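In the working numbering, the protein residues as written are 1 to 316.
Ideal Cβ positions, reconstructed from N, Cα and C, are used throughout, including at glycine.
Predicted model, so just to flag it, every value in this text is computed and none were measured.
Right, one structure below, let's go through it.
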């Protein structure tokens, strides 16, 4: 079976949650996950708020630093990371922080160059080294095609973190996972050639809503994709984050593009969707078991918030 799975957790300032709500989110995720993943540290002060809440219920944390075309954004993220390390040195040295990704599709969005993102990542690695934390692996989250176009990324990171959504390529759900595998196969080969593992940073399928640029949605299709993807990951020992933990209907801003609000495994009220709860994921676990790991983040257009967004499978 895969080593862990979970969704990411990322809010924006106007969607910040209270400490009590964050703790409930983490408690909701703990029965079905081992890890939570954050897109950034600054918005909603999520590094300081989510990390202790996650650890309090026995979850590990994958930290993210947001990167954009405004370099001051990264500078603020890096300063926040340094502050977190100083405030919680034991947390970072204990293994509770499993990895750090610097940027999420910033190269794909053409906000930074590959070289600039690598420079940002190396500055994070320097901060870790200065605090005797070089054992924490650091990467860059990007779509698979960006890694293929920039092999220097694969050479620079400690492991490859690649995103892929057949959903956004209008693929039928019945063939979506095989399509995903064919799209990622060249990246697996590229990474293996330099001794790097690949972790899927984001993939998922909306259970409701519509968008002419996307595949057809339904609760059964969303559950089908998750089940098929999970079984494939189990067979291939592939680590992954699944997008996402909770529905976020506040992200719907237009009547003709409503899918973004419905990628969650859970409804917005934290109830697990019936179609996911009914899944049987192999002989020893189900969507409601504690065999896997879910990461949480309330996602926005900038993916820097505090509500679960993707599921992660991680080697423990």
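What does the alpha-carbon distance come out to for the pair residue i and residue j?
i           : j           : result
residue 206 : residue 280 : 20 Å
residue 55  : residue 69  : 32 Å
residue 220 : residue 32  : 20 Å
residue 29  : residue 61  : 12 Å
residue 112 : residue 234 : 34 Å
residue 16  : residue 193 : 42 Å
residue 147 : residue 186 : 10 Å
residue 292 : residue 96  : Low confidence applies to residue 292: its pLDDT is 35, below 50, so where it sits in the model is not reliable, and the reading given next is rough at best. If you take the alpha carbons of residue 292 and residue 96, they lie about 16 Å apart.
residue 39  : residue 66  : 6 Å
residue 120 : residue 140 : 10 Å
residue 195 : residue 188 : 10 Å
residue 204 : residue 21  : 24 Å
residue 251 : residue 215 : 18 Å
residue 269 : residue 247 : 9 Å
residue 167 : residue 229 : 12 Å
residue 264 : residue 276 : 10 Å
residue 137 : residue 175 : 33 Å
residue 202 : residue 23  : 24 Å
residue 127 : residue 90  : 16 Å
residue 164 : residue 110 : 18 Å
residue 335 : residue 181 : For residue 335 there is no data in the structure shown, the boundaries of the chain being 1 and 316.
residue 102 : residue 239 : 18 Å
residue 98  : residue 183 : 27 Å
Given a cut-off of 8 Å on the beta-carbon distance, is the pair residue i and residue j in contact?
i           : j           : result
residue 271 : residue 210 : no
residue 144 : residue 104 : no
residue 85  : residue 92  : yes
residue 200 : residue 152 : no
residue 244 : residue 261 : no
residue 242 : residue 173 : no
residue 81  : residue 124 : yes
residue 49  : residue 83  : no
residue 107 : residue 142 : yes
Tell me the DSSP bridge mates of residue i?
i           : result
residue 104 : 141
residue 61  : 36 and 97
Please check the pair residue i and residue j, which I expect to be a contact at CB under 8 Å, by giving their CB distance rounded to whole angstroms.
i           : j           : result
residue 26  : residue 42  : About 20 Å separates the two Cβ atoms, so there is no contact after all.
residue 150 : residue 191 : Contact flag wrong, Cβ pair sits at about 13 Å.
residue 116 : residue 159 : At roughly 20 Å, the Cβ-Cβ gap does not stay under 8 Å, so residue 116 and residue 159 are not in contact.
residue 177 : residue 232 : 5 Å
Checklist line | Every unbroken beta strand (DSSP E) inside the stretch 193–275 [3 residues or more] | finding: 198–202 and 239–241
Item checked: Ordered list of alpha helix (DSSP H) runs contained in the stretch 131–186, each at least 4 residues -> 144–149 and 151–156
Check: What are the start and end residues of each continuous beta strand (DSSP E) run of 3 or more residues lying completely inside the stretch 17–49, in chain order?
Finding: Qualifying beta strand (DSSP E) stretches, in chain order: 35–38.
Notebook entry, point to check: If you scan the stretch 73–127 from start to end, which runs of the alpha helix (DSSP H) of 4 or more residues do you find wholly inside it?
Noted result: 89–93
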